[in-house]
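Beneath this line is the structure, given in structure tokens, with notes to follow.
There are 2 protein chains.
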Amino acid sequence: MTQSVIPVNLPQNAYEIALASDSLDRLGAWIKSLHLGHKVMLVSNPTVFGYYGKRAIASLETAGFEVHLHLFNDGEAYKTLDSVAQLYDKALAAGLERNSTFIALGGGVVGDMTGFAAATWLRGIGFIQIPTTLLAMVDASIGGKTGVNHPQGKNLIGAFYQPRLVLIDPTVLQTLPEREFRAGIAEVIKYGVIWDAGLFRQLEDARHLANPSHLSNPLLHEILMRSCQAKAEVVGQDEKEAGLRAILNYGHTIGHAVESLTGYTELLHGEGVAIGMVAASRLAVALNLWSAEDDARQTQVIEKAGLPTRIPEGVEIEAIIAKLQTDKKVKDGRVRFVLPTRIGNATVSDRVDNELIRDTLTQLQPLTVNR
Amino acid sequence: MTQSVIPVNLPQNAYEIALASDSLDRLGAWIKSLHLGHKVMLVSNPTVFGYYGKRAIASLETAGFEVHLHLFNDGEAYKTLDSVAQLYDKALAAGLERNSTFIALGGGVVGDMTGFAAATWLRGIGFIQIPTTLLAMVDASIGGKTGVNHPQGKNLIGAFYQPRLVLIDPTVLQTLPEREFRAGIAEVIKYGVIWDAGLFRQLEDARHLANPSHLSNPLLHEILMRSCQAKAEVVGQDEKEAGLRAILNYGHTIGHAVESLTGYTELLHGEGVAIGMVAASRLAVALNLWSAEDDARQTQVIEKAGLPTRIPEGVEIEAIIAKLQTDKKVKDGRVRFVLPTRIGNATVSDRVDNELIRDTLTQLQPLTVNR
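Residue numbers (the numbering used here), protein chains in the order written: chain A, 1 to 371; chain B, 372 to 742.
So, in structure tokens, the structure goes:
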């Protein structure tokens, strides 16, 4: 059995990411080693709980924990302050104390909300992440970004609050819908491009990337480990996003705009990021920051993962440009882009003007336009 | 003009408490020196804003800030998640950014809610405290405890989030109701008993303590400075209440129970603390932790401040004992009390049993019982 333990070295809140097949069944023992209180609240949604809830509870009870349970409704639409308030009520009824622990078993929505509740109940109680989607494993569960949506914007309400442990069991990906797996691969590709050239080469060398059942266990383990390591290293150097951490937004600028313009229903987040990475890569070529060869290599990997590389039909280029102006990262009307410089390295640039964006996006229009 | 700057030495979030008469008129210049963004949101309630709002805004605008305004409804009943959500809406409409600042101008309710909003909007934006009650000046505004009430308990929802600056202008106490001033003096006496013997002697030597207009400006300044210093020192050693900070709960155990049993309407918080300090002091005498002489000295100062020293009529001793069992600090059914050992020093004890509490509280029954 391969097991990796990846440290997240934060000055005040260091913790570990534990990665191993079937680690879900050793959850109780892992938590016990952290010397937290004996009351835990397992938080999930009906779908994920249906698959893995019993195993998690069995492991916790065997280790002697008093287990309480809360299920959020499934889906981004329920990522609200009201949902968190329901978890507060449960925490009160269960008599959770400061040394009690919330355990998030699910994807990014469950993790973000549970983390926010943990950050704010009794001014902060224990928190553990068990991500069950690829996206949550390599991105959302690491680094302490927690929160909920405001009716007018995603993740506007939240806190930086680090988990005490991230437990990743790759075998749970077997029940993840393929399209969601591919969306997670987009973030893996991102780490390859901006941080870890070795990871990128592994993705290039892989025969298949679009389906977890076509990946060998060692390769999947390696991909997860290196992605978690990339995230942990960046966050370890810049916990509160004062500088370096911004490079994690590679592909997210155009990506967010396209997601938002399609009402967050047509594209998964990772699909938006894939399109955004293609766009950012072209911008970087135009600015002579990186080569057309590297751009082509990236596109090839994205296509192998079955991810989109063009703007969805019906999305106007001018609408994207207008949307970019509302981005959090705009400074003095100029959008700041994360651009690759070589495989494994990226920089933040404010040299991108609307003219260049327009030219670049024109190249990425849907092929059907030319039919 | 006397001016004191008291450092709060926290490893990651150090800041200063600035204490000076009429410092409210120099608010803008103070904030400017912190190099925060140019957008600020002044948060207050109608009463306090009526007294001091114009001066605060004038100072901010003179310094070049873009000033937005939000008023919470006045009173503890509005210290809710819903109120905070209204402030989120205002922050969105004002286009606050990560380097923008919430400025709390008011007492503990305004400060706690504004701090919680600052902790959770965009995962944390700038925050400045301008406390306008004595209680907020010496206690609530320092140390980063922020939050709101849950329908079933006070301050259950919250976060540790430090301000960037606490600005104290003692002249604003002139508009504070006398009874609220006295309630604040209870916390000042607390610091004298548990931390600063010199402060306690000054309170003993003072002719008057019950009314701000009877205190000389230098004495008031000294009292404020030493109290803030005590709080800053304790918090500096234990930001998240892992150990030492618990001594700040001196008087709060019985105090909270009595406040709660009178429905939070009959007693001000500081009045509950005064009763709680008398009770804890008697427990300490009974346990031979400190002397009857020191107990008498404390009672004398509390009485000089016009604060209550006996249990309110109609509150049953057994009801208090039952209420204590729901205290956050109960461990294995045993209440943990902060008890004084000598003037300027306190310890946490779990040696107090219900029998002893019963005996002690019997001595503190209202005198009318014996009429």
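Here a beta-carbon is modelled for each residue, glycine too, at the ideal position from N, C-alpha and C.
Just so you know, these numbers come straight off a predicted model, no measurement behind them.
Between which residues of its own chain and residue i is the CB-CB distance below 6 Å, once the five residues before and five after are set aside?
{"i": "ASN337/B", "result": "Look at the range of chain B in this structure, 372 to 742, and you will see that residue 337/B is not part of it."}
{"i": "ALA676/B", "result": "ARG553, ILE556, LEU580, ALA581"}
{"i": "SER4/A", "result": "LEU19, MET225"}
{"i": "SER100/A", "result": "GLY37, LYS39, ILE125"}
{"i": "ASP721/B", "result": "ARG705, ARG707"}
{"i": "VAL369/A", "result": "Here the model assigns VAL369/A a pLDDT of 48, short of 50, so the residue's position is not dependable and the matter cannot be decided."}
{"i": "ILE594/B", "result": "VAL559"}
{"i": "GLU549/B", "result": "ASN582"}
Using the Cβ count rule (16 or more neighbours within 10 Å means buried), how would you classify residue i?
{"i": "ARG729/B", "result": "exposed"}
{"i": "HIS585/B", "result": "exposed"}
{"i": "LEU506/B", "result": "buried"}
{"i": "LYS39/A", "result": "buried"}
{"i": "THR697/B", "result": "exposed"}
{"i": "GLN237/A", "result": "exposed"}
{"i": "LEU81/A", "result": "buried"}
{"i": "HIS252/A", "result": "buried"}
{"i": "GLN363/A", "result": "exposed"}
{"i": "GLN669/B", "result": "buried"}
{"i": "GLY153/A", "result": "exposed"}
{"i": "HIS35/A", "result": "exposed"}
In the structure shown, what three-state DSSP assignment does residue i receive?
{"i": "PRO589/B", "result": "helix"}
{"i": "GLN533/B", "result": "coil"}
{"i": "TRP30/A", "result": "helix"}
{"i": "SER646/B", "result": "Per the sequence presented here, residue 646/B reads as Ile, with Ser not at that position. ILE646/B: helix per DSSP, three-state reduction."}
{"i": "GLY306/A", "result": "coil"}
{"i": "GLY477/B", "result": "strand"}
{"i": "GLY518/B", "result": "strand"}
{"i": "PHE708/B", "result": "strand"}
{"i": "LEU547/B", "result": "coil"}
{"i": "LEU261/A", "result": "helix"}
{"i": "PRO502/B", "result": "strand"}
{"i": "LEU442/B", "result": "strand"}
{"i": "SER291/A", "result": "coil"}
{"i": "GLY685/B", "result": "coil"}
{"i": "GLU266/A", "result": "coil"}
{"i": "ASP721/B", "result": "coil"}
{"i": "THR80/A", "result": "coil"}
According to DSSP, residue i sits in a beta bridge with which residue or residues?
{"i": "THR472/B", "result": "VAL411/B, GLY497/B"}
{"i": "ARG713/B", "result": "ASN716/B"}
{"i": "GLU66/A", "result": "LYS39/A"}
{"i": "TRP492/B", "result": "ILE157/A"}
{"i": "LEU390/B", "result": "SER375/B, ILE539/B"}
Please confirm whether residue i and residue j have their CB atoms less than 9 Å apart.
{"i": "ILE496/B", "j": "VAL606/B", "result": "no"}
{"i": "VAL273/A", "j": "LEU203/A", "result": "no"}
{"i": "VAL188/A", "j": "TYR250/A", "result": "no"}
{"i": "LYS190/A", "j": "LEU248/A", "result": "yes"}
{"i": "ALA280/A", "j": "PRO366/A", "result": "no"}
{"i": "THR120/A", "j": "VAL43/A", "result": "no"}
{"i": "ASN73/A", "j": "ASN45/A", "result": "yes"}
{"i": "SER598/B", "j": "MET508/B", "result": "yes"}
{"i": "LEU92/A", "j": "HIS70/A", "result": "no"}
{"i": "SER23/A", "j": "ILE168/A", "result": "yes"}
{"i": "LEU536/B", "j": "TYR386/B", "result": "yes"}
{"i": "PRO308/A", "j": "LEU267/A", "result": "yes"}
{"i": "GLY569/B", "j": "GLY421/B", "result": "no"}
{"i": "LEU591/B", "j": "PRO541/B", "result": "yes"}
{"i": "ASN380/B", "j": "ALA657/B", "result": "no"}
{"i": "ASN526/B", "j": "ASP460/B", "result": "no"}
I'd like the list of long-range same chain contacts for residue i, defined as Cβ closer than 7 Å, with 5 residues on each side in sequence excluded.
{"i": "ASP25/A", "result": "ARG55, SER59"}
{"i": "ASN312/B", "result": "Since the first residue shown for chain B is 372 and the last is 742, residue 312/B is missing from the structure and cannot be characterised."}
{"i": "THR633/B", "result": "PRO683, VAL686"}
{"i": "LEU173/A", "result": "LEU134, PHE181, PRO212"}
{"i": "VAL438/B", "result": "VAL411, LEU413, ILE428, LEU431, GLU432"}
{"i": "GLY435/B", "result": "HIS409"}
{"i": "ALA400/B", "result": "ALA434"}
{"i": "GLU674/B", "result": "THR680"}
{"i": "THR360/A", "result": "ALA279, ARG282, LEU283, ALA286"}
Below 8 Å CB to CB, which residues in the same chain sit around residue i once its five sequence neighbours on both sides are set aside?
{"i": "PHE487/B", "result": "VAL455, THR517, GLY518, VAL519, ILE528, GLY529, ALA530, TYR532"}
{"i": "VAL48/A", "result": "LEU105, GLY106, GLY107, VAL110, THR132"}
{"i": "TRP290/A", "result": "SER281, ALA284, LEU339, PRO340, THR341, ARG342"}
{"i": "VAL719/B", "result": "ALA617, ILE618, ARG707, PHE708, VAL709, LEU710"}
Open item on the list: If the cut-off is 7 Å on Cβ atoms, which residues from the stretch 115 to 126 of chain A count as contacting chain D, listed in chain order?
Closed with: The structure shown contains no chain D; its protein chains are A and B.
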